[in-house]
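FYI, the numbering for the sequence shown is -22 to -1, 1 to 372, going by mature numbering (1 follows the signal peptide of the UniProt record, and there is no 0). The beta carbon of each residue, even a glycine, is placed where N, CA and C say it ideally should be.
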Amino acid sequence: VKMRLIELPLCFFVCILAAGSAFQLHAGRSINIRTRSRAVSRLAMMQAKQLEVENVVIIGSGPAGYTAALYAARANLKPVVFEGVTVGPPGGQLMTTTEVENFPGFPDGLTGPELMTNMRLQAEKWGSELYTEDVEKVDFTSRPFTITSDSRTVKAHSVIIATGATAQRLRLPSEDIYWSAGVSACAICDGAAPMFRGARLGVVGGGDSATEEAIYLTKYSADVHLFVRGAEMRASKTLVDRVLANKKITVHYNSVIQDVYGSGKDTAEYTNFSDSPLQGVRVVDTETKELRDVPLRGLFYAIGHKPNTGLFKDQPGITLDRTGYIVVKPGTVETGLAGVFAAGDVQDKEWRQAITAAGTGCQAGLSAERYLVHEGLVEEVHLETAAGEGGGAA
């Protein structure tokens, strides 16, 4: 049950303080009973709010967090969502994605920020309580769980972790200028975009992900360049053989990209999705130190992702794999700690798609509801504005 942990002694104290104010004197003047009563009432409400236990708290946003919030809200759980600010900002990685063409239901595509704005509004409409704040600390050692942001501390019976993962970047001098306007961290997400079709493209990396992305991009380009830092690729032999046998792929060994260059125009609000402003990369040979320019219209990073899991490293029941991803039970979003769930890229190092993140967010929202009901902890909060607007299960 959603509890208000105000003990009887506190209630008794508040009542005595309110009643006694009628007779209390200070410096020869009576204290205004109404003013004191209002102050005591506000204090009691603040204390009650601080000690209230939420049904579910969602840490993170993006497709996973907002979908989890939507399903939890439609179950009348009134979820509290900490969207994030600096680490895993509101909307996640899609907030830096230009055109999204592979999310079902949008045949003409839409931008990443548009998709995230729609998801956020939908979660909020059904009663999600959203805070654009970073969670600074969690405590899963005792129940209810404690979640602390830079502005508040919240108790919760269940927690959904949807903090996502951050794509590793090269941090090139001009990288930010062309990010999502020629430079991307996801070939599967962006490779089919009009600006890249038929264009000369590049991939950075020498592992399995890089070789897979280079092969994938040959569907849309007949001229793909793979830039490998070392003298050989680190990918599996099967993938290496496929790359070397593919006449559409040129491998550059001992090659480190120093910078990207292009039209020089401000691409902060780039909207011409049919043409990339990126014109090429500047590469240095690590052996000869030779510097050369390689013309490209698209560059894809495949140098890994870093899951945003620092908050949960030492928490009981939360297991991280060797690369930092949260381990969940196969086929579920359940962690090793009952009542704590993980959704989206924070636990998915294979697919990393908006649609798969949303799918696990749905699982997490439903799983949290099932857990709360099973444990007898749930308190439904009905939202009047959403009543009669199609409350059936999707």
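Worksheet item: At what residue ranges does the segment 322 to 367 contain a whole run of the alpha helix (DSSP H), taking only runs of 4 or more?
Response: 332 to 353
Worksheet item: residue 236: buried (16+ other C-beta within 10 angstroms of its C-beta) or exposed?
Response: exposed
Worksheet item: Roughly how many angstroms separate the alpha carbons of residue 154 and residue 326, rounded to a whole number?
Response: 26 Å
Item to complete: Please check if any C-beta of chain D sits within less than 8 Å of the C-beta of residue 97.
Response: The structure shown contains no chain D; it is built from a single protein chain.
Worksheet item: If you compare alpha carbons, which of 328, 116, 113, 345 is closest to residue 310?
Response: 345
Worksheet entry | Ordered list of beta strand (DSSP E) runs contained in the segment 230 to 313, each at least 3 residues | 233 to 240, 256 to 263, 269 to 273, 276 to 279, 283 to 285
Worksheet item: How would you write the range of the beta strand (DSSP E) that residue 143 sits in, first residue to last?
Response: 143 to 145
Worksheet item: To the nearest angstrom, how far is it from the Cα of residue 283 to the Cα of residue 339?
Response: 20 Å
Practice prompt. Tell whether a beta-carbon distance below 8 Å holds between residue 116 and residue 110.
Written response: no
Practice prompt. Excluding the 5 residues preceding and the 5 following residue 223 in the sequence, name in chain order all residues of the same chain whose CB lies nearer than 8 Å to its CB.
Written response: none
Worksheet entry | residue 129 versus 108, 119, 145, residue with shortest Cα-Cα distance | 108
Practice prompt. Return yes when the Cβ of residue 286 is within less than 8 Å of the Cβ of residue 261, no when it is not.
Written response: no
Worksheet item: What residues in its chain sit with their C-beta under 6 Å from that of residue 59, if we drop five residues either side in the sequence?
Response: 36, 47, 106, 108
Worksheet item: To the nearest angstrom, how far is it from the Cα of residue 352 to the Cα of residue 152?
Response: 53 Å
Item to complete: Provide the residue(s) that pair with residue 109 in DSSP beta bridges, ordered along the chain.
Response: 60
Discussion item. In this structure, how does DSSP classify residue 2 when only helix, strand and coil are distinguished?
Written reply: Confidence is the limiting factor: at residue 2 the pLDDT is only 43, short of 50, which leaves the residue's position unreliable, though a coordinate-based value still follows. In this structure, residue 2 counts as coil in the three-state DSSP scheme.
Fill in: Pick from 328, 331, 181, 315 that is closest to residue 121, judged by C-alpha positions
315
Worksheet item: Is it true that the segment 193 to 200 meets the segment 164 to 184, where meeting means three or more beta-carbon pairs spaced less than 8 Å apart?
Response: yes
Discussion item. Could you tell me which whole alpha helix (DSSP H) segments of length 4 or greater appear in the segment 124 to 195?
Written reply: 153 to 156, 165 to 168, 186 to 195
Item to complete: Take residue 306 and list the residues in its own chain whose beta-carbon comes closer than 7 Å to its own, dropping the five residues that flank it on each side.
Response: 312, 313, 320, 325
Discussion item. Determine whether the beta carbon atoms of residue 161 and residue 203 lie at a separation below 8 Å.
Written reply: no
Practice prompt. With a threshold of 16 other CB atoms inside 10 Å of the CB of residue 267, please say whether the residue is buried or exposed.
Written response: exposed
Worksheet item: What is the DSSP secondary structure of residue 55, counted as helix, strand or coil?
Response: coil
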